[in-house]
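Residues in the sequence shown are numbered from 380 upward in steps of one, following our numbering. Encoded as structure tokens, the structure appears first; notes follow it.
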Amino acid sequence: MRTRHHPSRRCERSCRHLGTDPPPNAKPDNLHRVTDLTIGIVGGGQLARMMNEAATPLGLGVRLLAEAEGTSAAQVVPGADVGDYTDAATLGAFARGVDAVTFDHEHVPTDLLRGLQDAGTAVRPGPDALVYAQDKAAMRERLTGLDIPAPAWRVTRTPEEFVAFGDEIGWPLIAKTSRGGYDGKGVWKVDGPDGAAEPFAALGRALGPTERVSDAAGSAQDAGVVIVAEEFVPFTREMSVLVVRRPGGESVVYPVSETVQRDGICHETTTPAPGLDPAYAVEIQAFATRIADELGVVGVLAVELMERPTGEVVVNELAMRPHNTGHWTIEGAATSQFENHLRAVLDLPLGSTDLTAPVVVMSNVLGGSNPDLVGSLPVVLANPDVRVHLYGKSVKPGRKVGHVTVRGTDVAATQEAARAASAHLEGA
Ligand SMILES: Nc1ncnc2c1ncn2[C@@H]1O[C@H](COP(=O)(O)OP(=O)(O)OP(=O)(O)O)[C@@H](O)[C@H]1O
Ligand SMILES: [Mg+2]
380 MRTRHHPSRR
390 CERSCRHLGT
400 DPPPNAKPDN
410 LHRVTDLTIG
420 IVGGGQLARM
430 MNEAATPLGL
440 GVRLLAEAEG
450 TSAAQVVPGA
460 DVGDYTDAAT
470 LGAFARGVDA
480 VTFDHEHVPT
490 DLLRGLQDAG
500 TAVRPGPDAL
510 VYAQDKAAMR
520 ERLTGLDIPA
530 PAWRVTRTPE
540 EFVAFGDEIG
550 WPLIAKTSRG
560 GYDGKGVWKV
570 DGPDGAAEPF
580 AALGRALGPT
590 ERVSDAAGSA
600 QDAGVVIVAE
610 EFVPFTREMS
620 VLVVRRPGGE
630 SVVYPVSETV
640 QRDGICHETT
650 TPAPGLDPAY
660 AVEIQAFATR
670 IADELGVVGV
680 LAVELMERPT
690 GEVVVNELAM
700 RPHNTGHWTI
710 EGAATSQFEN
720 HLRAVLDLPL
730 GSTDLTAPVV
740 VMSNVLGGSN
750 PDLVGSLPVV
760 LANPDVRVHL
770 YGKSVKPGRK
780 VGHVTVRGTD
790 VAATQEAARA
800 ASAHLEGA
């Protein structure tokens with residue numbers, strides 16, 4: 380039996396307002412959930428918002444460390460903390476109240492996460508795994524060591540080294556900052572030697588809003604950020620596969636999705652990936668699961684893939700959190716990626732990844748000419764097959780503000796329905 384004032388460690392931790400002297404910033408009593416298991420999510424974006432949705436039916440408590448008031452998740456998690464996740468004291472205070480810390484994004488510096496672990500907090504995924512989602516050079520090196528299919532690649536520290544690699548394997552090349560990129564920022568297609576200087580020039584500037592290493596003590600290069608040169612893969616399509624793994628190693632894997640990225644941003648997914656040989660799909664799921672095992676990932680591991688014209692896939696990159704290419708699982712799988720992520724992070728049994736329909740299409744809603752997303756619902760919901768997820772974000776050009784999911788039996792018809800719905804929400 381559990382009571383509100385039971386003096387267990389867990390209750391004290393999840394009821395931080397209890398005790399003789401409430402802290403000066405104590406929130407009203409009804410803003411605190413009392414629960415035996417509380418998860419702390421760092422980052423207040425839509426992924427945290429959807430994790431919170433998945434936490435509710437399980438009765439889990441959620442605490443949030445958001446970047447600012449009113450972010451997508453801060454709108455729905457009562458009493459969200461607002462603070463800087465690159466500040467050790469802020470992060471430490473946040474983590475003291477939760478049973479496990481997980482993430483809406485991958486940008487928390489690993490030294491701070493090690494500090495949390497040292498203080499006794501479960502950090503999932505942990506810093507030893509997370510580094511392979513934060514650092515593309517480390518990721519390439521590790522996956523090559525595991526014999527996972529990849530494009531030809533090389534770490535380059537100067538434009539001259541980059542040009543030498545291009546001259547060796549042929550142009551064009553892809554250049555990527557090893558750290559700090561997101562949504563295609565930090566990725567360049569370089570057609571020939573003349574373009575080699577640009578990615579290196581960008582290393583001297585801050586790379587992203589969250590890249591701590593590049594802003595304080597000098598340039599990103601000083602902080603060990605390099606340019607990963609990659610063979611340009613003339614892919615026929617991109618795909619992704621999601622594995623979810625518990626601390627003890629139990630894991631589940633979702634069907635492989637086809638994904639459409641434009642300018643580095645996910646636009647659409649179709650699951651299962653149309654026309655993919657089922658035996659090869661199983662092979663892909665197996666190597667993704669092996670990556671999760673070898674890296675010791677806890678929670679969702681998203682493996683982004685590119686399909687060569689030969690049909691062979693190579694790994695593009697890894698993400699260790701619920702992923703845009705897995706949003707289809709909310710309606711399209713027996714257990715969503717968000718719920719399975721929470722289950723894994725709290726070391727609970729994982730749920731079935733079975734499809735709930737022959738075809739599932741997710742189409743992102745990006746900021747366009749329509750500022751009133753909710754005002755479009757009467758039209759969009761007139762199709763009873765369309766499921767809408769809006770993230771509570773203001774509309775800005777190209778910003779991810781929501782997604783729609785449609786389940787069906789025919790690939791083309793299902794894609795068309797999803798595209799029509801997202802286009803209408805965007806204002807097309
Ligand atoms: N070697 C390559 N050859 C051809 N295209 C590539 C290659 N690497 C990446 N791309 C293209 O660039 C996109 C962005 O690359 P990547 O996923 O590494 O960047 P990112 O900014 O980290 O993206 P994300 O938003 O997923 O974090 C890929 O989705 C793919 O379309
Ligand atoms: Mg990517």
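Just so it is clear, CB atoms sit at the ideal spot from N, CA and C, and this is done for glycine as well. Predicted model only: the values in this text are computed from it and were never measured.
In the displayed model, ILE527 falls within coil according to three-state DSSP, outside both helix and strand. DSSP places HIS486 in the coil class of the three-state scheme, outside both helix and strand. In the three-state scheme derived from DSSP, where H, G and I count as helix and E and B as strand, GLY471 is classed as helix. By the neighbour-count criterion, in which a residue is buried when 16 or more other Cβ atoms sit within 10 angstroms of its Cβ, ALA498 is exposed. When secondary structure is reduced to three states using DSSP, SER748 falls in the coil class, being assigned neither helix nor strand. The region 774-781 makes no contact with the region 714-727: fewer than 3 CB pairs, one atom from each, lie closer than 8 Å.
Approximately 5 Å separates the beta-carbon atoms of GLN454 and GLY771; this is inside 8 Å, confirming the contact.
The region 499-573 contains, as complete alpha helix (DSSP H) runs of 4+ residues, the segments 506-513, 515-524 and 538-548 (chain order). ASN695 has its CB nearer than 7 Å to a heavy atom of ligand 2. For LYS779, the number of other beta carbons within 10 angstroms of its own is at least 16, and it is reported as buried. For GLY440, the uninterrupted beta strand (DSSP E) run begins and ends at 440-445, by DSSP. For ASN695, the enclosing beta strand (DSSP E) starts and ends at 692-698.
At least 8 Å separates the beta-carbon of GLY462 from that of LEU491. DSSP places ARG625 outside both helix and strand once states are collapsed to three, so it counts as coil. Ranked by how close their Cα comes to the Cα of VAL607, the residues ARG558, VAL620 and GLY574 have ARG558 in first place. At a cut-off of 3 residues, the continuous stretches assigned as beta strand (DSSP E) that sit fully inside the region 712-746 are 738-745. For the options LYS568, ASP415 and ALA797, the alpha carbon positioned closest to that of ALA761 is the one of ALA797.
Within the DSSP bridge table, the entry for GLN664 names no partner. SER748 sits exposed, since fewer than 16 C-beta atoms from the chains shown fall within 10 Å of its C-beta. Note that the region 666-686 touches the region 607-621; at least 3 beta-carbon pairs, one per stretch, sit closer than 8 Å. VAL566 and GLY627 do not touch by the CB rule: their CB atoms are close to 36 Å apart, not below 8 Å. Nearest to ILE548 by C-alpha distance, out of GLY571, LYS564 and THR537, is GLY571.
Annotation for ALA508: LEU674, GLY675, VAL676, VAL677 and MET699 place their beta carbon closer than 8 Å to its own, counting only its chain and skipping 5 residues before and after. Collapsing the DSSP output to three states places ARG778 in coil. GLY746 has its alpha-carbon roughly 27 Å from the corresponding atom of GLU718. In its chain, beyond the 5 residues on either side, GLY462 and ASP463 have a beta carbon closer than 7 Å to the beta carbon of THR469. Judged by beta-carbon spacing, VAL456 lies beyond the 8 Å limit of VAL480, meaning their Cβ atoms are not closer than that value. Separation of LEU804 and LEU756 (C-alpha to C-alpha, rounded to the nearest whole angstrom) is 8 Å.
When rounded, the separation of the alpha-carbon atoms in VAL759 and VAL765 is 7 Å.
Around the Cβ of LEU495, a 10 Å sphere holds 16 or more other Cβ atoms; the residue is buried. With contacts defined by Cβ atoms closer than 8 Å, ASN431 and ALA447 do not form a contacting pair. The beta carbons of LEU552 and GLY560 sit no closer together than 8 Å.
Placement of the Cβ of GLN640 at a distance of less than 7 Å from at least one heavy atom of ligand 1 is found. With fewer than 16 other Cβ atoms inside 10 Å of its own Cβ, PRO763 counts as exposed. Residue nearest to ILE527 within the set MET518, THR535 and VAL534 is MET518 (criterion: CA-CA distance). Less than 8 Å divides the Cβ of THR649 from the Cβ of VAL740.
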